[in-house]
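Engineer:
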Ligand SMILES: CCCC/N=C1\SC[C@@H]2[C@H](O)[C@H](O)[C@@H](O)CN12
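Numbering (our numbering), first residue to last: 6 to 646.
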């Protein structure tokens, strides 16, 4: 790193940027945040500028909590927040957009401006973020031969259509237009993607410039490897890098300097923690380690964004997955061991970071707001609304109002235009099976988990793909197939969901399927199953089943955490809000965060649980005032522990 880069350049002499108009009237210079290649820094309205930023994803935080989180970030000493825009969160079907409620990105951006925060916007179109399909809409896969994140004309047409809707909302908020958005990222770690398609990056650069104008700083972010920076950068896009504590700062910024010999040093993702996968220990990164690395970089005059400053939650079906030798789904909690916890509580790490920041710039005046109050609402008993094997077909008329699709062989979610959640694959045993026969699936064809309802058992992607079954010819064979989240990083193929191959019985393919895409959320939001399914005391505890219950809050609706003692794996809805997946048997996450804004006061709160594998003898939930993130299989999950 050249010595020059070590210094934050001196302020330029006054009057440098004023201009004389008419009778000597001074016209205010237009707002600007250009790069200063001579002094290796940004300039904001003519003065040297370095940002200290933190990532927050509005899609992972309920709208009522946005102000709380952003205020805490501001009072932590951040000048800027970095924000992804997930394309699939807004364009739910081709040409169908949702910018309402929790998806009102403009309201979120206006709140950042109101609180005096600058914004680094990252609209993708691909964002990674351990978000479903890295933010790309699943409906892109309805054209199965589309090559994502390339110059594929069909892909670019969908991208441009989306950018023509989103970017006009952004342009008035650009700093040069009087707004608070100081820079915009194009794509995301493109250098890590196999395609290395410069034509694609050039197309995006053209579209972003056409829709955002020539003033805004457009940049890229890549990890600091030579290959990644070779394929992820482009003339006309300022290159930045991402790396976490423990990385060699000199080497990382040295790699950046090889593509950007001049200009500000920027770490766009300084990792304050890390993501969690189901079945692996909760990630944890030392606060002291994070603080030390931050201070080293700030000493260099670098601009830093901390990823994440507030992680939040992957509600509903929004969690993504990685592929590293095998499919690795990400947990519902995106706590990330971040400075602001999943529930928005300041941590020791936040105060360590705040202390470092105070060495470089004054902190805002005012106390850090305390953790939001949490409430342990205690035990809540649920009632079994049986989805016993024989009943499943009875409820499919509700869960699949459009009726089944007949097919000789299984079809994918995408072929049936089902984006998320579940489908049922239904057929009959073609012959008597008195002795255990092997129900099998080709490798990698279960995407991602199949709950077999003949002999109750689970088929799993990159896991168990055979089961032994018996039965009589004509017996129903139902498989409830779950999409656990499309890969968001690390695979060079599109992540189709469902039964991607033919199931066989003792190697003889099964055929003649009825396939039911399920609209469970719609049914739950309409009061099903409480209103429709009989209470069932006789039903067994094994296999997919709905459970319902209610509880009252004592006059307050505070945040809480739900524990599932003795449950296995499923989903939780409260008052129709999908709080995401639980997987108590696999962990490490043992509680789901419930924002207080989801709860009612003065009337019952309706609970619906879809348990996919095995419920406890007593179907109880336990509401706690603290989370449990790190208890994997083999540890007791009893509430008392
Ligand atoms: C070694 C794998 C690097 C993959 N990149 C990651 S993992 C956590 C973060 C987020 O996904 C973020 O959206 C990526 O840009 C960078 N990153």
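All residues carry an ideal CB built from backbone N, CA and C; glycine is no exception. A quick note: this is a predicted structure, and the numbers were derived from the prediction, not measured.
Using C-beta distances below 8 Å, list every residue in its chain close to residue 353, excluding the 5 sequence neighbours before and after it, in chain order.
Structural biologist: For the purposes of this step, residue 353 is taken as the residue at position 348 of the chain shown. Around residue 353: 292.
Engineer: Taking the straight line between their C-alpha atoms, what separation do you get for residue 287 and residue 88?
Structural biologist: Indexing the chain shown from 1 puts residue 287 at position 282. Indexing the chain shown from 1 puts residue 88 at position 83. Spanning the two alpha carbons is a distance of roughly 24 Å.
Engineer: Can you check whether the CB of residue 93 is closer than 8 Å to the CB of residue 171?
Structural biologist: The sequence position of residue 171 within the chain shown is 166, counting from 1. The sequence position of residue 93 within the chain shown is 88, counting from 1. Not closer than 8 Å, so no.
Engineer: I'd like the list of long-range same chain contacts for residue 308, defined as Cβ closer than 6 Å, with 5 residues on each side in sequence excluded.
Structural biologist: Start at 1 with the first residue of the chain shown, and residue 308 comes out as number 303. For residue 308, where only same-chain residues beyond five positions count, the Cβ hits under 6 Å are 55, 56, 269, 271.
Engineer: In the DSSP assignment, find the alpha helix (DSSP H) that holds residue 177 and state where it starts and stops.
Structural biologist: Numbered from 1 along the chain shown, position 172 holds the residue referred to as residue 177. Run containing residue 177: none; DSSP gives neither H nor E here.
Engineer: From the DSSP secondary-structure annotation, give me the bridge partner or partners of residue 553.
Structural biologist: Reading the chain shown from its first residue, position 548 is the one you call residue 553. DSSP, once it has assigned bridges, lists 388, 613 as partnering residue 553.
Engineer: Could you pull the start and end residues of the alpha helix (DSSP H) that residue 213 belongs to?
Structural biologist: For the purposes of this step, residue 213 is taken as the residue at position 208 of the chain shown. Residues 203-217.
Engineer: Span of the alpha helix (DSSP H) holding residue 329?
Structural biologist: Here residue 329 refers to the residue found at position 324 of the chain shown. Note, residue 329: premise wrong, no alpha helix (DSSP H); not H, not E.
Engineer: Using a Cβ-Cβ cut-off of 6 Å (strictly less than) and excluding sequence neighbours within five positions of residue 508, which residues of its own chain qualify?
Structural biologist: Translated into the one-based positions of the chain shown, residue 508 becomes position 503. These residues qualify, in order along the chain: 446, 515.
Engineer: Could you give the distance in angstroms between the alpha-carbon of residue 529 and the alpha-carbon of residue 251?
Structural biologist: As a working mapping, residue 529 is identified with position 524 in the chain shown. As a working mapping, residue 251 is identified with position 246 in the chain shown. Their backbone Cα atoms lie some 46 Å apart in a straight line.
Engineer: If you draw a straight line from the C-alpha of residue 225 to the C-alpha of residue 84, how long is it?
Structural biologist: Within the chain shown, residue 225 is the residue found at index 220, counting from 1. Within the chain shown, residue 84 is the residue found at index 79, counting from 1. Cα-Cα distance, rounded: 20 Å.
Engineer: Can you tell me where the alpha helix (DSSP H) holding residue 110 begins and where it ends?
Structural biologist: The residue you call residue 110 lines up with position 105 of the chain shown. Note, residue 110: alpha helix (DSSP H), 110-119.
Engineer: Which residues does DSSP list as the beta-bridge partners of residue 244?
Structural biologist: Working through the chain shown from its first residue, we reach residue 244 at position 239. DSSP, once it has assigned bridges, lists 225 as partnering residue 244.
Engineer: DSSP state of residue 677, grouped into three classes?
Structural biologist: The question about residue 677 has no answer, for the chain in this structure spans 6 to 646.
Engineer: Which one of 414, 429, 313, 163 has the shortest CA to CA distance from residue 520?
Structural biologist: Here residue 520 refers to the residue found at position 515 when the chain shown is read from its first residue. Cα-wise, what sits closest to residue 520 is 429.
Engineer: Quick check: residue 182 and residue 127, are their CB atoms within less than 8 Å of each other?
Structural biologist: By 1-based counting over the chain shown, the position of residue 182 is 177. By 1-based counting over the chain shown, the position of residue 127 is 122. Cβ distance not < 8 Å, so residue 182 and residue 127 don't count as in contact.
Engineer: Among 236, 574, 593, 153, which one has its Cα closest to the Cα of residue 489?
Structural biologist: Residue numbering aside, residue 489 sits at position 484 when the chain shown is read from its first letter. Taking only the C-alpha atoms, the option nearest residue 489 is 574.
Engineer: May I ask you to check if the CB of residue 137 is nearer than 7 Å to at least one heavy atom of ligand 1?
Structural biologist: As a first step, residue 137 must be located in the chain shown, where it is residue number 132. No, the Cβ of residue 137 stays beyond 7 Å of every heavy atom of ligand 1.
Engineer: Would you check if the region 314-327 and the region 474-482 touch, i.e. whether three or more CB-CB distances between them fall below 8 Å?
Structural biologist: Output reads no: the region 314-327 does not touch the region 474-482.
Engineer: Mark residue 187 as exposed unless 16 or more other C-beta atoms lie within 10 angstroms of its C-beta, in which case mark it buried.
Structural biologist: In the chain shown, residue 187 corresponds to position 182, counting from 1. By the 10 Å Cβ count, residue 187 comes out buried.
Engineer: Work out the CA separation of residue 106 and residue 137 for me, nearest whole Å.
Structural biologist: The residue given as residue 137 occupies position 132 in the chain shown. The residue given as residue 106 occupies position 101 in the chain shown. Taking the straight line from one Cα to the other gives about 20 Å.
Engineer: For residue 64, which residues in the same chain have their Cβ closer than 6 Å to its Cβ, ignoring the five residues on either side in sequence?
Structural biologist: Numbered from its first residue, the chain shown carries residue 64 at position 59. Result list for residue 64: 91, 94, in chain order.
Engineer: Kindly indicate which three-state DSSP category residue 653 falls into: helix, strand or coil?
Structural biologist: The first residue shown for the chain is 6 and the last is 646, placing residue 653 beyond what the model contains.
Engineer: I'd like to confirm something about residue 226: is its beta-carbon nearer than 7 Å to some heavy atom of ligand 3, or not?
Structural biologist: By its list of ligands, the structure shown excludes ligand 3, since it contains just ligand 1.
Engineer: Report yes if the C-beta distance between residue 1 and residue 388 is below 8 Å; otherwise report no.
Structural biologist: Here the chain has residues from 6 to 646 only, and residue 1 is not among them.
Engineer: Please check the pair residue 342 and residue 279, which I expect to be a contact at CB under 8 Å, by giving their CB distance rounded to whole angstroms.
Structural biologist: Along the chain shown, one-based indexing puts residue 342 at 337. Along the chain shown, one-based indexing puts residue 279 at 274. About 7 Å separates the two Cβ atoms, so the contact holds.
Engineer: Check residue 183 in the structure and name its three-state DSSP category.
Structural biologist: Taking the chain shown and counting its residues from 1, the one referred to as residue 183 is at position 178. Three-state DSSP puts residue 183 in coil, outside helix and strand.
Engineer: Only counting the same chain, and skipping five residues up and downstream in sequence, which positions put a Cβ closer than 7 Å to that of residue 596?
Structural biologist: Along the chain shown, read from residue 1 onward, the residue named residue 596 stands at position 591. The answer, listed in chain order, is 566, 567, 568, 629, 632, 633.
Engineer: Within the region 299-351, note down every full beta strand (DSSP E) run reaching 3 residues or more, in order along the chain.
Structural biologist: Whole beta strand (DSSP E) segments, 3+ residues: 308-315, 326-328, 332-334.
Engineer: Determine the contact status of residue 332 and residue 466, defining contact as a CB-CB distance below 8 Å.
Structural biologist: Position 327 of the chain shown, counted from the start, is the residue given in the question as residue 332. Position 461 of the chain shown, counted from the start, is the residue given in the question as residue 466. Against a cut-off of 8 Å, the Cβ pair of residue 466 and residue 332 comes out as a contact.
Engineer: Taking contact to mean 3 or more Cβ pairs, one atom from each stretch, closer than 8 Å, check whether the region 194-204 and the region 222-240 are in contact.
Structural biologist: Touching, yes, given that three or more Cβ pairs across the two stretches are closer than 8 Å.
Engineer: Residue 367 to residue 79, Cα distance in whole Å?
Structural biologist: The count along the chain shown starts at 1 and reaches residue 367 at position 362. The count along the chain shown starts at 1 and reaches residue 79 at position 74. Cα to Cα, the separation comes out at about 12 Å.
Engineer: Alpha carbon to alpha carbon, what distance is there between residue 110 and residue 325?
Structural biologist: For the purposes of this step, residue 325 is identified with residue 320 of the chain shown, where counting begins at 1. For the purposes of this step, residue 110 is identified with residue 105 of the chain shown, where counting begins at 1. Distance between the alpha carbons of residue 325 and residue 110 is about 21 Å.
Engineer: When you compare only the Cα positions, how much space is there between residue 61 and residue 86?
Structural biologist: As a position in the chain shown, residue 61 is number 56, starting the count at 1. As a position in the chain shown, residue 86 is number 81, starting the count at 1. When rounded, the distance between both Cα atoms is 7 Å.
Engineer: Let me know the alpha helix (DSSP H) ranges lying completely inside the region 78-107, each 4 residues or longer, listed in chain order.
Structural biologist: 92-95, all fully within the region 78-107.
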